[in-house]
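Undergrad:
Residue numbers (this note's numbering), protein chains in the order written: chain X, 1 to 116; chain L, 1 to 113.
1. Taking the alpha-carbon of residue 52 (chain X) as reference, which of X:21, X:76, X:58 has the nearest alpha-carbon?
2. Can you give me, in chain order, the residues of the segment 78 to 107 of chain L that have a beta carbon less than 7 Å from any beta carbon in chain X?
3. Quick one: grab the DSSP three-state call for residue 58 (chain L).
4. Where does residue 68 (chain L) sit, in a helix, a strand or coil, going by DSSP?
5. Looking at C-alpha atoms only, which residue of L:38, L:32, L:23 is the closest neighbour of residue 74 (chain L)?
6. Quick one: which chain L residues come within Cβ less than 9 Å of residue 109 (chain X)?
7. Can you confirm whether residue 21 (chain X), when its beta carbon is compared against all beta carbons of chain L, has any partner nearer than 8 Å?
8. Check whether the Cβ atoms of residue 17 (chain L) and residue 94 (chain L) lie closer than 8 Å to each other.
9. Taking only runs of the alpha helix (DSSP H) that begin and end inside the segment 80 to 105 of chain L, which ones reach a length of at least 4 residues, in chain order?
10. Once you ignore the five residues that flank residue 38 (chain X) on each side, which residues in its own chain have a CB closer than 6 Å to its CB?
11. Determine contact between the segment 65 to 73 of chain L and the segment 79 to 93 of chain X, defined as no fewer than three beta-carbon pairs at a distance below 8 Å.
12. Nearest chain L C-beta to residue 52 (chain X) closer than 8 Å, yes or no?
13. Looking only at its chain, what residues have a beta carbon closer than 7 Å to the beta carbon of residue 29 (chain X), apart from the 5 residues adjacent to it on each side?
14. Kindly give me the distance between the Cβ atoms of residue 49 (chain L) and residue 91 (chain L), rounded to whole angstroms, as I take these residues to be in contact under 8 Å.
15. Could you compute how far the alpha carbon of residue 89 (chain L) sits from the alpha carbon of residue 4 (chain X)?
16. What first and last residue would you give for the beta strand (DSSP E) that runs through residue 56 (chain X)?
17. Nearest chain L C-beta to residue 90 (chain X) closer than 8 Å, yes or no?
Here it is as C-alpha cells:
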C-alpha cells in the first residue's frame with residue numbers, strides 16, 4: 001500500500017511562472033492537508049480539503065495560492081506568479097476521516113520549490 | 001511569542017547516550033501532542049502521539065506531557081547514529097479541528113559514532 005505520493009520532488013520556477021504541486025493520498029483516504037516548511041521554520045498549515053470541497057483554507061496566502069481536490073485525480077496546490085519568498089518545501093498528508101489528525105497523520109516526502 | 005517553542009540545536013551526543021528533546025507551549029487548549037522525525041530532504045515521520053498529560057513509551061522512545069507546566073519531552077534511550085535527524089513537536093488544540101497542527105521549529109540531533 002503506497003503512502004502519500006507527491007510530485008514532483010523538486011521544482012524550479014522563474015519568478016512570475018506558475019507552480020503546480022500534486023499530492024495523491026493514501027488509498028482509501030479522502031481528506032488531504034497541505035503544509036509549508038520555510039527554511040529554518042516549522043511546518044505551517046495551509047489548507048484542508050475533502051474530495052471536491054475546501055474545508056479550511058485559513059493558512060493559505062490570500063493571493064496567488066489555490067488548492068483543489070477533484071473527484072478524480074490528485075490534489076493540486078497551485079501557486080501563480082511565483083516569487084522568491086515562495087521557495088519552500090510543501091508537504092501534504094492524508095487521512096481516512098477528518099479526525100485522523102488526532103492520531104498523527106502520514107506526510108508525503110514533499111515537493112521542494114525553488115524560485116530563481 | 002510563538003505558540004510552540006523548540007530549541008533548534010544542534011544537539012550532539014555520543015552513541016548510547018540518553019537524549020532529551022523538549023518543547024514548551026503557551027496555548028492551554030492544546031490537547032494532542034505529537035513527535036515527528038525528519039531526515040534531511042525527507043518528509044516528517046510520526047514517532048509518537050499522546051492525548052492530554054502523562055507518559056507513553058514505544059521501544060527506545062518515551063514521550064512525556066506536563067500540561068501544568070506546558071512542557072512536553074521526547075526521550076531517546078541508547079541513541080544510535082541513525083537517530084540523527086530533526087525532531088519536530090506538533091500540537092492540536094481541542095475545538096480547532098484535529099487537523100491543524102502547530103509545529104515547533106525542530107531540534108537537530110546528531111548522534112556521534
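Using N, Cα and C, we set each Cβ at its ideal position, and we do this for glycine too.
TA: Answer, in terms of the structure:
1. Residue numbering aside, residue 52 (chain X) sits at position 52 when the first chain is read from its first letter. Distance check between residue 52 (chain X) and each of X:21, X:76, X:58 places X:76 closest, using alpha-carbon atoms only.
2. 88, 92, 97, 98, 99, 100, 101, 103, 104, 105, 106
3. For the purposes of this step, residue 58 (chain L) is taken as residue 58 along the second chain, with counting starting at 1. In the structure shown, residue 58 (chain L) sits in a strand (DSSP, three-state: E or B).
4. As a first step, residue 68 (chain L) is located in the second chain; it is residue number 68 there, counting from the start. Residue 68 (chain L) falls in the coil class under three-state DSSP.
5. Reading the second chain from its first residue, position 74 is the one you call residue 74 (chain L). Of the candidates L:38, L:32, L:23, the one whose C-alpha sits nearest the C-alpha of residue 74 (chain L) is L:23.
6. Residue mapping note: residue 109 (chain X) aligns to position 109 of the first chain, counting from 1. The answer, in chain order, is 41, 42, 43.
7. Here residue 21 (chain X) refers to the residue found at position 21 of the first chain. No - not a single Cβ of chain L is within 8 Å of the one on residue 21 (chain X).
8. In the second chain, counting from the first residue as 1, residue 17 (chain L) sits at position 17. In the second chain, counting from the first residue as 1, residue 94 (chain L) sits at position 94. No.
9. For the segment 80 to 105 of chain L, not a single whole alpha helix (DSSP H) run of length 4 or above is found.
10. On the first chain, residue 38 (chain X) is found 38 positions in, with the first residue counted as 1. Cβ neighbours of residue 38 (chain X) beyond the five flanking positions: 88.
11. no
12. Translated into positions along the first chain, residue 52 (chain X) becomes position 52. So, not an interface residue.
13. Translated into the one-based positions of the first chain, residue 29 (chain X) becomes position 29. Taken in chain order, the residues that qualify are 94, 95, 96.
14. Working through the second chain from its first residue, we reach residue 49 (chain L) at position 49. Working through the second chain from its first residue, we reach residue 91 (chain L) at position 91. 10 Å between Cβ atoms; not a contact.
15. Taking the first residue of the second chain as position 1, residue 89 (chain L) is located at position 89. Taking the first residue of the first chain as position 1, residue 4 (chain X) is located at position 4. The alpha-carbon atoms of residue 89 (chain L) and residue 4 (chain X) are separated by roughly 21 Å.
16. Indexing the first chain from 1 puts residue 56 (chain X) at position 56. From DSSP, the beta strand (DSSP E) with residue 56 (chain X) extends over 53 to 56.
17. The residue labelled residue 90 (chain X) in the question sits at position 90 within the first chain. No, residue 90 (chain X) lies away from the interface with chain L (no Cβ there is under 8 Å from its Cβ).
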